[in-house]
Ligand SMILES: [Zn+2]
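Numbering (the numbering used here), first residue to last: -7 to 70.
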């Protein structure tokens, strides 16, 4: 189990967190990153975290994210 970045501190001084990507190119892929990433005053920590999610979990997450995007599209039509 590689949790090398689990307790890392970002360059801006806060603890990095594990996130799940919502981008089309990396849908469901997890990464360690900083919640202050939008703050351009600092360089922020980022590292992909690929090795723990089971193929089944990835399929379930991708299915859920697609469902959320469908719902968002339908809501925009109203
Ligand atoms: Zn940061």
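Even glycine gets a Cβ: it sits at the ideal position worked out from N, Cα and C. Please read these numbers as outputs of a predicted model, since none were measured by experiment.
{"Query": "Per the contact definition of three or more C-beta pairs closer than 8 Å, is the stretch 14 to 29 in contact with the stretch 45 to 59?", "Result": "yes"}
{"Query": "Could you say which of -2, 7, 23 lies nearest to residue 14 if we only look at CA atoms?", "Result": "23"}
{"Query": "According to the Cβ coordinates, are residue 12 and residue 63 closer than 9 Å?", "Result": "no"}
{"Query": "Following a CB-centred definition, is residue 6 positioned closer than 8 Å to any heavy atom of ligand 1?", "Result": "yes"}
{"Query": "Could you give the DSSP three-state label for residue 57: helix, strand or coil?", "Result": "helix"}
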